[in-house]
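Peer 1:
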Amino acid sequence: MRPAAPAPHSAPLAPRPYTSADEAAVCAICHKTCRDGSDCSDLFPSDLQTLPADRLVAPFLTLNPELCMVIEEDIEDALRDDCSDDNATSEKPEQPTINGN
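To get the working numbering, take the position in the sequence shown, counting from 1, and add 285.
What follows is the structure, given as structure tokens:
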């Protein structure tokens, strides 16, 4: 039996085209979820930890990156929705997260 799905994320999510700067994050997400949604660290020896991402995602990222998309939180919209005019700040977040990471 699968564990219950997590509650939907409250921040708006925005799809955007994949860039080469996203590769490490995409591969890390693949590694964390390749075992039917669970981490697969215990399945592979230390020298083969990149194998799942190399096998499952890297071909798409390398051969057809123009067909790949990533989902990221739209931090500015989330902050705008959460802040009222009384306590709004002009600070921008440092970097958006990809898929919650």
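We put the beta carbon where it would ideally sit given N, CA and C, even for glycine.
All values derive from a computational prediction rather than experimental measurement.
DSSP three-state call for V355: helix, strand or coil?
Peer 2: Three-state DSSP puts V355 in a strand.
Peer 1: State the beta-bridge partners of L298 as determined by DSSP.
Peer 2: Looking at the DSSP assignment, L298 forms a beta bridge with E358.
Peer 1: Determine the closest residue to A313 out of T347, P350, L336, N349, with distance taken between C-alpha atoms.
Peer 2: Out of T347, P350, L336, N349, L336 has the C-alpha closest to the C-alpha of A313.
Peer 1: Please report the straight-line C-alpha distance between L298 and E358, rounded to a whole angstrom.
Peer 2: Using only the alpha carbons, I get a separation of about 4 Å.
Peer 1: Across which residues does DSSP place R340 in a beta bridge pair?
Peer 2: Bridge partners of R340: none, in fact.
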